[in-house]
Amino acid sequence: MEDEEAQRLVCMNIDLAQIESPPAKLELTVDEVLEEYVGSFGFSQLLHVFLVSFAWIFDSQNALITIFTDAQPSAWRCKSPGSCIGAAGGGGGDGGGAASVCGLERGTWEWVGGNTSSVIAEWGLICDRKFLAAVPASLFFLGSLLGSAVFGHLADARLGRKRTVLIACVLTTLTGFLTSLSPDVWTYAFLRFANGFARSGIGICCLVLSTEAVGRKWRGQVGQYGFFFFTAGFFSLPLIAYQTRNCWRDLYRIISIFPLLYCFLLVPFVSESPRWLLVKGREGEALDVLKKFARLNGKKLPSNLVLSNPSPPKMVGKAEAGAGSMAAEAEESLWKTRWAAQRMILIMLAGFGIGFVYYGIQLNVENLDFNLYFTVALNAMMEIPAVLLGSVLLSFMNRRLLFSQSAFLAGISCILCVIFARENRGGGDADKSGGSGRGSWAQLIIEGVGFMAASMAFDVSYIYCVELFPTNVRNFAVSLLRQAVMLGASLAPLLVAVGRLSPSLSFLVFGSLSIFSGVLSLWLPETRNAPLYETLKQQEEEESLSCASDDSGFELAKEGKVDCPPI
Numbered sequence: 001m002e003d004e005e006a007q008r009l010v011c012m013n014i015d016l017a018q019i020e021s022p023p024a025k026l027e028l029t030v031d032e033v034l035e036e037y038v039g040s041f042g043f044s045q046l047l048h049v050f051l052v053s054f055a056w057i058f059d060s061q062n063a064l065i066t067i068f069t070d071a072q073p074s075a076w077r078c079k080s081p082g083s084c085i086g087a088a089g090g091g092g093g094d095g096g097g098a099a100s101v102c103g104l105e106r107g108t109w110e111w112v113g114g115n116t117s118s119v120i121a122e123w124g125l126i127c128d129r130k131f132l133a134a135v136p137a138s139l140f141f142l143g144s145l146l147g148s149a150v151f152g153h154l155a156d157a158r159l160g161r162k163r164t165v166l167i168a169c170v171l172t173t174l175t176g177f178l179t180s181l182s183p184d185v186w187t188y189a190f191l192r193f194a195n196g197f198a199r200s201g202i203g204i205c206c207l208v209l210s211t212e213a214v215g216r217k218w219r220g221q222v223g224q225y226g227f228f229f230f231t232a233g234f235f236s237l238p239l240i241a242y243q244t245r246n247c248w249r250d251l252y253r254i255i256s257i258f259p260l261l262y263c264f265l266l267v268p269f270v271s272e273s274p275r276w277l278l279v280k281g282r283e284g285e286a287l288d289v290l291k292k293f294a295r296l297n298g299k300k301l302p303s304n305l306v307l308s309n310p311s312p313p314k315m316v317g318k319a320e321a322g323a324g325s326m327a328a329e330a331e332e333s334l335w336k337t338r339w340a341a342q343r344m345i346l347i348m349l350a351g352f353g354i355g356f357v358y359y360g361i362q363l364n365v366e367n368l369d370f371n372l373y374f375t376v377a378l379n380a381m382m383e384i385p386a387v388l389l390g391s392v393l394l395s396f397m398n399r400r401l402l403f404s405q406s407a408f409l410a411g412i413s414c415i416l417c418v419i420f421a422r423e424n425r426g427g428g429d430a431d432k433s434g435g436s437g438r439g440s441w442a443q444l445i446i447e448g449v450g451f452m453a454a455s456m457a458f459d460v461s462y463i464y465c466v467e468l469f470p471t472n473v474r475n476f477a478v479s480l481l482r483q484a485v486m487l488g489a490s491l492a493p494l495l496v497a498v499g500r501l502s503p504s505l506s507f508l509v510f511g512s513l514s515i516f517s518g519v520l521s522l523w524l525p526e527t528r529n530a531p532l533y534e535t536l537k538q539q540e541e542e543e544s545l546s547c548a549s550d551d552s553g554f555e556l557a558k559e560g561k562v563d564c565p566p567i
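What follows is the structure, encoded as structure tokens:
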């Protein structure tokens, strides 16, 4: 009897101990939480990606608006019969390109669309001033180059991805509207520089904010979804520009409204990146974001879940040395880590070439001797199969192979355009017959295919860069890539101006640079199905283990050499 009583007491004590003792902590990385409990890509992430990627529309609109606002007018006419006798190509009546009016007296002729149809018409950027027309577009991309560095630093160090997008959108609205008030070409060029600086924060943060919220197998596709909105913005431009074709200032005023509306209507519903919050030591907020994603997906996180932070923030003391110390440390470690620096240099060089080609082909449409609105709309439509095809190929194809093959196809297409280029320009400018266009259809089709391939390479390059680097330097790395892309893009308008004299030369340069970018990418490691690491040290250690075991084929070890065989 006493033995039974003692046994019963022991069992009760054991039960009480089990009740009172808390469950063991379940420590997981963000990747593991997404894969096992939240879902790789559920409704919550779909909504998140939609809200974030919507801002790409404004990015493309502000980047490509100069296709219309800075375009050379298609035709001119004499103000009175007989006043233009002797004009090359004018024949004393209506004329085509700008070169044919260079010998005429000011005031004897006028542009068919009026002097407010473009900045070239309003400020007379023709003849001996024609290269001045390329300055605003070049400065825009130089502003984007500088802005990418600043916004990349802010997004990693202080503000996070969400607040950086908000600030970039507000500044884009402000600079866009001020551009419409420009009194002269130099003020216009400066405001284009400021607008490029402002819009640069949109793309880099939207891409990173989207991809950091999904599982590894969806990163490529999610990155591509963002470019659908970039395409939508591109496609909207000829529709808006045609309605404002007689006043370039109205076009700037209209597109400046959209980013501001986005800030008020959609940004409040966007969540900050849980990865960034974790790296900054804000584990509670990161867990709250993941709980929100899980709840919208109809799931629930374990109550004993604790997020694993591979880089806990330093204690107060050194942290007080400066608010940007962590970002400075991240940037410094990227360049001091040999394998990371080699990757960064390679992807930046490849990005320079692709940026030059991608933006150059779009700005070069005026040299195709086709109606400007039709050609831009066609290029915009070619973005759709590029994004769709890219999304499908990214799901099963290696990033390195897809990028290089797309760059090669773009380069070959541009070189083929040289063969079909119609050298029918009197005095170096096309007679476009009022803008209807009489160019070669074969050239237009090949140019469209080349642009589609360049667009695919452009999109894949950003996805590739996101996967090449860990969380603590990812936004900084993407911003560096964007700087390289913008540097290439800033030189493209100068080549477009040369293309008004020789279209073949511009296409030849585009083709050569694209092939060069494809060759460079062959030295980069493969990243398909690789995890997103949190720190450079963690990535170096785990990639070294992967190379040693030769399981994944992810081949760049800490010495920066391709030691493992490619996939």
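For reference, each letter of the sequence shown is one residue, going 1 to 567 in full-length UniProt numbering. The beta carbon of each residue, even a glycine, is placed where N, CA and C say it ideally should be. Keep in mind it's a predicted model, so treat the numbers as computed, not measured.
Cα separation between residue i and residue j?
i, j, result
"residue 446", "residue 453", "11 Å"
"residue 148", "residue 104", "44 Å"
"residue 336", "residue 472", "14 Å"
"residue 203", "residue 179", "21 Å"
"residue 423", "residue 78", "For residue 423, the predicted structure reports a pLDDT of 45, less than 50, and the residue's modelled location is therefore unreliable. A value from the coordinates is still provided. Approximately 26 Å between the Cα atoms of the pair."
"residue 134", "residue 404", "30 Å"
"residue 348", "residue 60", "21 Å"
"residue 163", "residue 352", "28 Å"
"residue 142", "residue 487", "6 Å"
"residue 383", "residue 63", "15 Å"
"residue 289", "residue 273", "8 Å"
"residue 139", "residue 171", "17 Å"
"residue 432", "residue 354", "Here the model assigns residue 432 a pLDDT of 40, short of 50, so the residue's position is not dependable, and the following value carries that caveat. Rounded to whole angstroms, residue 432 to residue 354 spans 29 Å at the Cα level."
"residue 588", "residue 127", "No answer is possible for residue 588: it lies beyond the span of the chain, which begins at 1 and ends at 567."
"residue 464", "residue 106", "53 Å"
"residue 53", "residue 210", "7 Å"
"residue 440", "residue 509", "20 Å"
"residue 246", "residue 252", "13 Å"
"residue 495", "residue 40", "44 Å"
"residue 371", "residue 503", "16 Å"
"residue 75", "residue 243", "19 Å"
Using only alpha-carbon positions, find the residue among the options that is nearest to residue i.
i, options, result
"residue 229", "366, 303, 380 and 285", "380"
"residue 119", "373, 174, 250 and 30", "250"
"residue 69", "515, 123 and 25", "123"
"residue 420", "412, 402, 443 and 406", "443"
"residue 173", "218, 260 and 351", "260"
"residue 530", "171, 218 and 127", "218"
"residue 161", "304, 201 and 533", "201"
"residue 343", "44, 470, 36 and 245", "470"
"residue 524", "375, 350 and 270", "350"
"residue 166", "233, 234, 184 and 55", "55"
"residue 457", "441, 476, 485 and 479", "485"
"residue 194", "168, 53 and 418", "168"
"residue 131", "112, 152, 74 and 189", "189"
"residue 159", "129, 277, 215 and 216", "277"
"residue 366", "72, 482, 121 and 224", "72"
Just grab the DSSP bridge partners of residue i for me.
i, result
"residue 28", "307"
"residue 568", "Only positions 1 to 567 of the chain appear in this structure, which leaves residue 568 out of reach."
"residue 109", "78"
Does DSSP classify residue i as helix, strand or coil?
i, result
"residue 441", "helix"
"residue 401", "helix"
"residue 569", "Lying before the first or after the last residue shown, residue 569 is absent from the chain, which here runs from 1 to 567."
"residue 573", "Any property of residue 573 remains undetermined from this structure, which presents the chain solely from 1 to 567."
"residue 366", "helix"
"residue 78", "strand"
"residue 383", "helix"
"residue 39", "coil"
"residue 295", "helix"
"residue 270", "coil"
"residue 128", "helix"
"residue 414", "helix"
"residue 533", "coil"
"residue 459", "helix"
"residue 210", "helix"
"residue 115", "coil"
"residue 72", "coil"
"residue 450", "helix"
"residue 259", "helix"
"residue 406", "helix"
Completely contained alpha helix (DSSP H) runs for the region 131-208, where each covers 4 or more residues: 135-157 and 160-179
For a minimum of 4 consecutive residues, which ranges assigned as the alpha helix (DSSP H) are wholly contained in the region 462-519? 471-499
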